[in-house]
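Chemist: Numbering (my numbering), first residue to last: 4 to 560.
We put the CB at the ideal spot given by N, CA and C, even for glycine.
Quick one: structure below, then a few questions.
Structure, rendered in structure tokens:
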């Protein structure tokens, strides 16, 4: 059962020792046995948990600041550029198309750089591993009933496919089939897109964990992973390691201090980056500082196919785009300042890869006449913020995107993200190596943005849910503010063709009595902190038929 006592991120290990996991809201939960049929494992797990925290605390010299660094070391999953995975390039049928790059050089050189960048992201692990294949294959024993009994009756390949489904993992685009199909056929899904799995069976999270999901059941590198269950996976890895007598890793320890995400498909990503940067000086040397004050909140990952059009990144558009900035979520203690100079060229290739990602095309029927009406409406009511589309070249597309900052009071969407990243934090970034500070090509950093930047809408049909916090499930709901659900959950991987977005059900509340925490986290409650679905009420000026036409046009982008 949950205790009402909130654990602060500033608490030292000794104050949380012997107590299990904090839930995604930052509340303590007393230790329970992963095998509910026995009581002995409960006592053993509690003892093991205390030993793991004590030994970790001792290893870092009893420094609370460095303990927080350890806590943050696993959280390398935000905008891009990080710990990295295995195995070949995407197949020609499944990979995102490669567009014309604009950084100079001929087309072949650009395509070679993009290919190298993809290979680097898929093959290079730059962090300690999260867990090994043995732990992954034992996760099912921590599942609640009746799922655990179902898993016990099937093959190991089917259990792996069930785990992919439970945690929001996808097969690689050139391997196997989407996880639900693999489960039905009894196929092993192979290695996941979201993790490095090396020759020794060690799994290490990569940046595709958030930016490599599926588009309505089809794995697609660069798509937001709107099913990633990081909090649930980490908690069940912790339970499995307890049961196997294995020491806890950085993710299992870190999630005791920093919540990972309250709803599947969203993560506490901004806090991960803020916390890691707090322990670096301007040249990225590791320093000891008091823990930063952090405002925990969930974010929906942006699609990478926006990257080529945007001159600045993040929802508040504070950081000028560049290859160095892509490296900031690798700031684990194991990577000293020399790491960034060593891998700078590799991240130039990563930049080229992100610049090459393009969205998939809408796969269903589109009414051309209705879409043409919608285009006219879009260009007279929406393009001022979101730009225009259908250009002949990347250069024209980039020039047609206005990168408009909309004041927070005007846009009216959830303001927590806007206030969570402080001016001091942005100024630290501006002084750092990431922003080329003190160099001839020093970047311009916006340290006090007025609001949020309206994003490009390329492939908007494929990037549900919507808004920066993932609070709005379909484009129809974006256009119909008064009809947005208060509490909803996804019920199918299929697209809702009429509303263009996730297929959902609306409910009155999250069923807290549901014993499976993974099911509880599949619900999105817009009444919670940082999860509001309000704002962006501009479509209220349109009538019903105009909204229908506009929705049809959005399918074509």
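Going by the DSSP bridge assignment, what does residue 455 pair with across the sheet?
Modeler: Answer by DSSP bridge pairing, in chain order: 409.
Chemist: Using the three-state DSSP reduction, which class does residue 146 fall into: helix, strand or coil?
Modeler: Note: residue 146 maps to coil in three-state DSSP.
Chemist: On the premise that residue 419 lies in contact with residue 532, defined as a C-beta separation below 8 angstroms, what is that separation, rounded to the nearest angstrom?
Modeler: The pair is a contact, with the Cβ atoms about 7 angstroms apart (cut-off 8 angstroms).
Chemist: Check residue 542 in the structure and name its three-state DSSP category.
Modeler: Three-state DSSP puts residue 542 in a helix.
Chemist: For residue 205, list the residues DSSP reports as bridge partners.
Modeler: Residue 205 is bridged to 135.
Chemist: With distance defined between alpha-carbon atoms, name the residue in 235, 323, 554 and 226 nearest to residue 435.
Modeler: Checked all of 235, 323, 554 and 226; the closest Cα to residue 435 is 323.
Chemist: Going by DSSP, what residue range makes up the alpha helix (DSSP H) through residue 356?
Modeler: Note, residue 356: alpha helix (DSSP H), 347 to 359.
Chemist: Quick test of the definition: if touching needs 3 or more C-beta pairs under 8 angstroms, does the segment 530 to 546 touch the segment 476 to 494?
Modeler: Yes, they touch.
Chemist: Are the beta-carbon atoms of residue 264 and residue 473 separated by less than 8 angstroms?
Modeler: No. Outside cutoff.
Chemist: Under 8 angstroms by Cβ, that's how I've got residue 307 and residue 256 pegged, so tell me the actual separation to the nearest angstrom.
Modeler: That belief does not hold up - the Cβ atoms of residue 307 and residue 256 are roughly 30 angstroms apart, past 8 angstroms.
Chemist: Does DSSP put residue 435 in a helix, in a strand, or in coil?
Modeler: Residue state, collapsed to three classes: coil.
Chemist: Closest to residue 406 by C-alpha separation, out of 363, 440 and 452, would be which residue?
Modeler: For the residues 363, 440 and 452, the minimum Cα distance to residue 406 belongs to 452.
Chemist: Which residues in the same chain as residue 507 place their Cβ atom closer than 8 angstroms to its Cβ, once the five residues preceding and following it in sequence are excluded?
Modeler: Same-chain partners within the cutoff: 476, 477, 488, 491, 492, 493, 494 and 499.
Chemist: Cutting at 6 angstroms between CB atoms, please list the residues of its own chain near residue 384, excluding the five before and the five after it.
Modeler: None.
Chemist: For residue 295, which residues from the same chain have a beta carbon less than 7 angstroms from its beta carbon, with the 5 sequence-adjacent residues on both sides left out?
Modeler: Same-chain partners within the cutoff: 277, 278 and 281.
Chemist: Taking 8 angstroms as the threshold (C-beta atoms), are residue 140 and residue 206 in contact?
Modeler: No, Cβ-Cβ distance for residue 206 and residue 140 is not below 8 angstroms.
Chemist: Determine, using beta carbons only, whether residue 352 and residue 119 come nearer to each other than 8 angstroms.
Modeler: Result yes, Cβ atoms of residue 352 and residue 119 sit closer than 8 angstroms.
Chemist: Identify the continuous alpha helix (DSSP H) that holds residue 212 and give its terminal residues.
Modeler: Per DSSP, residue 212 belongs to the alpha helix (DSSP H) from 211 to 214.
Chemist: Report the partner residues of residue 289 according to the DSSP bridge assignment.
Modeler: According to DSSP, which records beta bridges pairwise, residue 289 is partnered with 283.
Chemist: By how many angstroms is the C-alpha of residue 501 removed from the C-alpha of residue 116?
Modeler: If I take the Cα positions, the gap works out to 40 angstroms.
Chemist: Rounded C-beta distance between residue 299 and residue 262? I'm assuming under 8 angstroms.
Modeler: Going by Cβ atoms, the distance from residue 299 to residue 262 rounds to 5 angstroms, so yes, they are a contact pair.
Chemist: Start and end of the beta strand (DSSP E) containing residue 559?
Modeler: First-last for residue 559: undefined, no H or E at that position.
Chemist: Apart from the five residues on each side of it in sequence, which residues of its chain come closer than 7 angstroms, Cβ to Cβ, to residue 376?
Modeler: The answer, listed in chain order, is 552.
Chemist: Note the first and the last residue of the continuous beta strand (DSSP E) segment covering residue 520.
Modeler: That residue, residue 520, is in no beta strand (DSSP E); its alpha helix (DSSP H) goes 520 to 523.
Chemist: Taking buried to mean at least 16 other C-beta atoms within 10 Å of its own C-beta, is residue 456 buried or exposed?
Modeler: Under this definition residue 456 is a buried residue.
Chemist: Does DSSP put residue 67 in a helix, in a strand, or in coil?
Modeler: In this prediction, residue 67 has a pLDDT of 43, which is less than 50 and means its spatial position is unreliable; nothing more can be read from the coordinates.
Chemist: Are the beta-carbon atoms belonging to residue 334 and residue 283 less than 8 angstroms from one another?
Modeler: Yes, Cβ-Cβ distance for residue 334 and residue 283 is below 8 angstroms.
Chemist: Using 8 angstroms as the threshold, is the segment 384 to 393 in touch with the segment 142 to 152, meaning 3 or more CB pairs across them?
Modeler: Contact between the segment 384 to 393 and the segment 142 to 152 is absent, because fewer than three Cβ pairs lie under 8 angstroms.
Chemist: Among 505, 222, 401 and 454, whose alpha-carbon lies nearest the alpha-carbon of residue 423?
Modeler: Among 505, 222, 401 and 454, the Cα nearest to that of residue 423 belongs to 454.
Chemist: Identify, in the order they occur along the chain, each residue of the same chain with its Cβ nearer than 6 angstroms to the Cβ of residue 510, setting aside the five sequence neighbours on each side.
Modeler: Correct list, in chain order: 490.
Chemist: Short of 6 angstroms in beta carbon distance, which residues of its chain neighbour residue 527, apart from the five on each side in sequence? Order them along the chain.
Modeler: For residue 527, where only same-chain residues beyond five positions count, the Cβ hits under 6 angstroms are 266 and 491.
Chemist: What would DSSP say about residue 493, mapped onto helix, strand or coil?
Modeler: Residue 493 falls in the strand class under three-state DSSP.
Chemist: Can you look up residue 504 in the DSSP assignment and give me helix, strand or coil?
Modeler: Looking at residue 504 - three-state DSSP - the assignment turns out to be strand.
Chemist: When DSSP labels each residue in this structure, what does residue 170 get in the three-state scheme?
Modeler: In this structure, residue 170 counts as helix in the three-state DSSP scheme.
Chemist: Name, in chain order, the residues that DSSP records as bridge partners for residue 526.
Modeler: BP columns for residue 526 point to 492.
Chemist: Tell me, which residues are paired with residue 217 by DSSP?
Modeler: The partner list for residue 217 (beta bridge, DSSP) reads 222.
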